[in-house]
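Reviewing the structure listed below.
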Amino acid sequence: MTKENINSKCTLNQAMEMGLTEEEFKLICKRIGKTPNLTETGICSAMFSEHCSYKSSKKWLKTLPTSGNHVIQGPGENAGIIDIGDNQAIVFKIESHNHPSFIDPYQGAATGVGGILRDVFTMGARPIALMNVLRFGETGNALTNHLLSGVVKGIGGYGNCIGIPTIGGETNFNQSYNSNILVNAMAIGLVNKNKIFYSAASGVGNPVIYVGAKTGRDGIHGATMASTEFSDNTESQKPTVQVGDPFTGKLLLEACLELMKTDLILSIQDMGAAGLTSSSIEMASKGNVGIEIDLNEIPLREKNMSSYEIMLSESQERMLMILKKGAEEDAKKIFKKWDLDFAVIGKIISEKKIVLKKENKTVCNLPLDFLVNDAPELNREYEIKISNVNLDNKNIIRDKSIKTIVYEIIGNENFASKKWIYEQYDSSVMGDTISIGNKSDASIVKIHNSEKDQFQGKAVAVSTDCNSKYIFNNPIEGGKITVAEAARNLIVSGAKPLAITNNLNFGNPEKKEIMGQIVGSIKGIKDACEQLNTPVVSGNVSLYNETNGKSILPTPVIGMVGVIDDIEKVIFMNAKNNETLYIIGQDKNKYDGFLQSSFYQEIFCDDFLGQVPQINLKKEKNLHDFIMKLNDNKIINSAHDISDGGLLPCVIEMLLLNKLGININLPPRIKNPNKENLLFLHGWLFGEDQSRIIISTNKPNKLIEFSKSENIKIYCIGKTNNTGVVEIPKYDSICINKCLDLYNNTIPNLFS
Amino acid sequence: MRVAIVVFPGSNCDRDIFEAIKSISKKVPEFIWHKETNIKNFDLIVIPGGFTFGDYLRCGALASNSPIIKSIKDHASRGGAILGICNGFQILTETKLLPGTLIRNNVLKFLCHDVKIIVQDTLPSPFTWGFKPSTKLNVPIAHNEGNYYINDNELKKLIFNGQIAFKYEENFNPNGSVENIAGVLSENGRILGMMPHPERSVFTHHNSLDGRLFFKKLIEQLLSL
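Those protein sequences? They're chains A and B, same order as listed.
For the first sequence, position 291 (counting from the first letter as 1) is numbered 291 according to our numbering, and the numbering increases by one without interruption.
For the second sequence, position 170 (counting from the first letter as 1) is numbered 1170 according to our numbering, and the numbering increases by one without interruption.
Listed below in C-alpha cells is the structure:
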C-alpha cells in the first residue's frame, strides 16, 4: 500500500481488508457523497473500529454513573479527573494492550505503559504511580513463562526508565487466557486544578504542532487489529505492534510539563490508537472546528511513507498540540532543549472537515461530524446467562485436613505473593511510595509536598480488582462484587473511595452470551458505583479476546482511586503480637459459609460453576462507613478484606510478616469435631461470603461499644501470639513458617 | 553550603535527592543541566540515579561524554566531594573517576527492594566518617546493572587503601558484585559511588530513616571544613 494514487477509488474488497463491513462502507460512500480513496477509507476504518468507536459497548457505557461533586472530568477526555481538595486533582485511567502483548510481550507491555502515561500527562498532570492488571494462561507451560517474563520486563523497562513508580496491581492465571493474555496498565497523575489541559481545539488559524518522536511504519492499523479475533497466524501481525522508547517518553514528559507552565498551549492530545488520525479528528471535532494538515511537514523516520501510512502509524511518544498564534518559537525552544522534534504541521480551519495535503495536493477531505458522530452504535443481541448450577456445600467439600487445604490455597499461584514480579519494578522512585505489594490491600503514594508543620500529608490509594469466576457465573452480581471489593480494599487501607476507571476485557461481542457478560457486568458495576458513590471517570474496552472461537473469562477490571486525608490514617495489613482480631460484618451465630464460586471450589473441584455469594450494597456501604469511623477513632491497628480463599487464609495473610500464631475462636455450634460439624467448618473457614473485614486492635472494648451503637455485627477471632502456630482447636494446627515458605516461593519456583 | 545536582536527559532521581538534601540541610540545592560547562564553588556535586540517554549504550557511557563532565573532573581534581548514586555511580566509573565497572545483575533482572549495607573501615572520607565500621544501614536498591566488577589486582588495591565504603550482607548480595561491594570511594576518599538509594529512606513514610542519617553526617562533615 506504499504506492499512492490519490485519485484511485477504494474498492469494497480493499475496504473490507481494512476491517470495514460492507454495510459500513456503503454508509461511508453515501454520507461523504463520493467513493473514498485509500487514505480516506483507512481513516474511516480506524475511526469505525471497535477500539475507537466503542460501537458494541457505547449503548451500555452510557448508562454508567459518571458525575459527582468531586468529578472534574468524566469519560470522553484523555483521562478522568477527580478533586482531592487543596486545589489539587488526581488524573487517572486504565487501558489495555492485550493483543500487542500476546504478539510481542516486551514491546506490547512497554508501549501499554507509555501510552497510558501520555494520556495522563497530556492533561497537565505529573504521573505519580503506575499499576497493572495481568492475566496469563495456565502455569507450567512454556508459552506462559515466555509471555510473563516478557510482559514483566516490558512494564519494568518502560516504568523504571521513565522514573514513575509501579506500585501494584494483580496477576492471575487461568487456562482461558492461554492464547489471549491481558495486559491492562493504569496511570495516576497529580495536577493543579487551575492547570488542567484539555483536547478540544480552538481558534481558526491557530497552528497545529507535532512534537516528540518521528513517525515510522510501526503499529499501522493497530486499532483495527485490536478489534478482531486472533487465529493461528497471529505471528504474522508482528508489524502492527508498536515499539516503545521510554527515554524519549521521559524527555517528552519533561518537555510537555515545562511548556505547560507557560500559557502557550490551547489544547493537547497524545497520539495513541490510530495515531494522527484519531488525535487530530478528536481534537477538531471536540472544538467544533476543522483541521488542515500538511503531511510533508510530519517528521518521518522512514522514506517514502504514503499518506495512509503516516495517518495510521502508531509510532510512540508523539503529541499533537494547538498553540496560540505566534507562540511557536518560544515553544520550540523548550523542545529543542530536550532534543525532540517540533514541527508546525497545519492549522485550525473553520469548516468542520479534516483536510490532508501532500505535495500541494489534497489527499483526504472528509467531514468530521460524520467520522465522530455517525460511527456506528450497535444494539447487539445479548443474553445474560446466570449459572443454573446450585450446589450444596456437601458437593464441594473434599475429605482433606484443614492444614492440607490451607497449604494448597496459600501455595496456589493465584493466592501466593507476587513479590517475584513486583520486585522487578522500581516501586520507590519519586520518594513518595507508602505501600506496595502486600503491605496493605491498596497501593498508596503520598501527595508530594503535602505535609505542613505537624501535619504529615495526604495520600492517594489505588486498588485494581476483578473476580472473573463470579462474573462468569452471574455477570450482574459479579460486577457488583468486583466494585465492592475494590472499595473494600481502599477502606481497609485507610482511604475514602472516590471514583473508578474500568477496563472491560471480553470475548467476541457478536456472540450473544459474551454480549450478555458485557451488559450484565456493566449493570452490576453501575449499581455498585451508584451505591458506593464512586462514579466512573474513565475507561477502556477490549473486545474480541478470543482465539479460534474460544473466549477468555469475562474480565471487567476495576481500578479504584481513593484519598487518605492524613497519612497517619494509613492502615497496613500485618498484625502485631498480642492484638485481638475481629471480623467486622460477621454474625457470631454464623457457623457455615458460602463455598460456591470460591477459591476452594476452583482448586479442589477443578470447577467453579455455581451461584455467587450474595452482596447487599447498602450493608457494604454501612460496613465501609463503620471502618472509617473506627479508623478515625484510632481503634484499628491493621486490617484486611476477606476475599479469595475465605476467612482462614485471609487471617493467615495478616500473620505472615511477623510470623505470629493464633488460637481461632470457633463458633459454639461447631466446636466439637464430628462429620456434620466438619462440613460446616469448611464453609466457615473457606466460604467467601461478602462484606467482611478483619481488623486487629488493642481496644476491643471500644470496638464493641461502637459496634453496638452503630448496630454492626462483629466476631472475635482471637488474640495473636508469637507461637507461629494457627490453632483450630480440636481440629488441626497450621504452621506459619510453612505458610510463609509457600506464600513466598510458589511464584519463584514456577518462573525462575 | 552549596550542593549541585546534575541533571542529564533521563535522570529520574534528581527531585528525590533535592528533597532529601533540602529537608536535612535546610538549604536549597541547585539543578545543573548537563550542557553547562562552567560550574564552580560547590561543596558537593551529586549525580543522581536514572537512565541517562536511556542507557541504550553501556549504562552511563553517553552521559560520561556530556559537556558538564569536564567541570566535574575539575571539581574532583580540586578535591571536591562528589556523590554518584545508582546511574550516577555508573557514570563515575565510566568517567574513570572511580575504579571498576558495573555490569548486569547476575540474576539478569531489574531488582527493587530494601537491602542492608554494612559500613566498612575506610580511609578518611566525609561519606563514612560519621559511622562506626560494621554499622548497618537499611536502604533500597533499584537497578539492573549493579553488579560491581573489578580485577583482582585493583581489588587488592581497593581493600588495601580502604576504598570499599559499603558492602551488602553476606548471603544477601542482590546482584553478584565482587566482595559484596555496594559502594566505593576514590583514592582520596572525596568521591563516593553507591548502588543503593539513600534518598529513598529519608522521610517518615519511607521504610527506614537510615538514608537521612547518611546525609546528615555527610552534611555535618562538609560544613565543618
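Beta carbons: idealized from backbone N, C-alpha and C, even for Gly.
{"Asked": "If we cut at 7 Å on Cβ distances, does PHE1089 (chain B) have a partner in chain A?", "Found": "no"}
{"Asked": "Given ASN296 (chain A), which residues of its chain have a CB within under 8 Å of its CB, disregarding the five upstream and five downstream residues?", "Found": "LYS357, LYS358, GLU359"}
{"Asked": "Residues of chain B with a CB under 8 Å from the CB of LYS550 (chain A): which are they?", "Found": "Per Cβ cutoff of 8 Å: no residues; LYS550 (chain A) is ~33 Å from chain B at best."}
{"Asked": "Would you check if there are 3 or more beta carbon pairs closer than 8 Å linking the segment 35-45 of chain A to the segment 294-313 of chain A?", "Found": "yes"}
{"Asked": "Tell me the DSSP secondary structure of MET560 (chain A) in three-state form.", "Found": "strand"}
{"Asked": "Taking DSSP as the reference, what is the three-state secondary structure of SER53 (chain A)?", "Found": "helix"}
{"Asked": "In the DSSP assignment, find the unbroken beta strand (DSSP E) run with GLN73 (chain A) in it and report its ends.", "Found": "71-73"}
{"Asked": "On the CB-based measure, 16 or more other CB atoms within 10 Å of its CB, does LEU182 (chain A) come out buried or exposed?", "Found": "buried"}
{"Asked": "Between which two residues does the alpha helix (DSSP H) holding ASN489 (chain A) run?", "Found": "475-491"}
{"Asked": "Is it the case that the Cβ atoms of ILE704 (chain A) and ALA639 (chain A) are separated by a distance below 7 Å?", "Found": "no"}
{"Asked": "How long is the line joining the alpha carbons of THR2 (chain A) and ASN304 (chain A), rounded to whole angstroms?", "Found": "Below a pLDDT of 50, predicted positions are generally treated as unreliable, and THR2 (chain A), at 44, falls in that range; the measurement from the model is reported next regardless. The straight-line gap from Cα to Cα measures roughly 7 Å."}
{"Asked": "Mind listing the chain A neighbours of TYR1056 (chain B)? Cutoff is C-beta to C-beta under 8 Å, in chain order.", "Found": "PHE247"}
{"Asked": "Whole angstroms is fine: what's the gap from ASN749 (chain A)'s alpha carbon to ALA274 (chain A)'s?", "Found": "41 Å"}
{"Asked": "Closer than 7 Å by beta-carbon distance: list the chain A residues that pair up with ARG1200 (chain B), in chain order.", "Found": "SER428, GLY431"}
{"Asked": "Return the first residue and the last residue of the beta strand (DSSP E) that PRO100 (chain A) is part of.", "Found": "It is not in any beta strand (DSSP E) - PRO100 (chain A) instead sits in the alpha helix (DSSP H) that spans 98-103."}
{"Asked": "In chain order, what are the residue ranges of uninterrupted beta strand (DSSP E) at least 3 long that sit wholly in the segment 587-667 of chain A?", "Found": "638-641, 661-663"}
{"Asked": "In the DSSP assignment, the beta strand (DSSP E) including GLN269 (chain A) goes from what residue to what residue?", "Found": "265-270"}
{"Asked": "Unbroken beta strand (DSSP E) runs of length 3 or more, entirely within the segment 279-355 of chain A: which are they?", "Found": "290-294, 318-323, 341-349"}
{"Asked": "Within the segment 84-150 of chain A, note down every full beta strand (DSSP E) run reaching 3 residues or more, in order along the chain.", "Found": "88-96, 126-136"}
{"Asked": "Please list, in chain order, all residues of the same chain as LEU1092 (chain B) whose beta carbon is under 6 Å from its beta carbon, the five residues on each side excluded.", "Found": "GLY1084, LEU1098, GLY1193"}
{"Asked": "Checking the sheet assignment: what are the DSSP bridge partners for GLY169 (chain A)?", "Found": "A:ASN132"}
{"Asked": "What three-state label does DSSP hand ASP453 (chain A) in the structure shown?", "Found": "coil"}
{"Asked": "Taking CB distances under 7 Å as the criterion, tell me whether LYS1116 (chain B) reaches chain A.", "Found": "no"}
{"Asked": "Pull up the distance between the alpha-carbon of GLY1079 (chain B) and that of ARG1190 (chain B), whole angstroms please.", "Found": "7 Å"}
{"Asked": "Thinking C-beta only, is ILE1219 (chain B) closer than 7 Å to PRO1174 (chain B)?", "Found": "no"}
{"Asked": "If you compare alpha carbons, which of A:ALA499, A:ALA110, A:SER696 is closest to ASN577 (chain A)?", "Found": "A:SER696"}
{"Asked": "Specify the secondary structure class of MET1 (chain A) as computed by DSSP and reduced to three states.", "Found": "Bear in mind that the predicted position of MET1 (chain A) carries a pLDDT of just 41, short of 50, making it too unreliable to give a figure here."}
{"Asked": "Beta carbon of ASN1144 (chain B), beta carbon of PHE1110 (chain B): below 7 Å?", "Found": "yes"}
{"Asked": "List the residues of chain B whose Cβ lies closer than 7 Å to the Cβ of TYR425 (chain A), in chain order.", "Found": "CYS1112"}
{"Asked": "Mind pulling the chain B residues with CB within less than 7 Å of LYS59 (chain A)?", "Found": "Correct list: empty, because the minimum Cβ distance to chain B is about 43 Å."}
{"Asked": "Let me know the secondary structure DSSP gives PHE247 (chain A) once reduced to three states.", "Found": "helix"}
{"Asked": "Which residue from A:ILE128, A:ASN172, A:HIS448 puts its Cα closest to that of THR139 (chain A)?", "Found": "A:ASN172"}
{"Asked": "Quick check on CYS256 (chain A) - is its C-beta less than 7 Å from some C-beta in chain B?", "Found": "no"}
{"Asked": "Does the beta carbon of LEU656 (chain A) sit closer than 7 Å to a beta carbon anywhere in chain B?", "Found": "no"}
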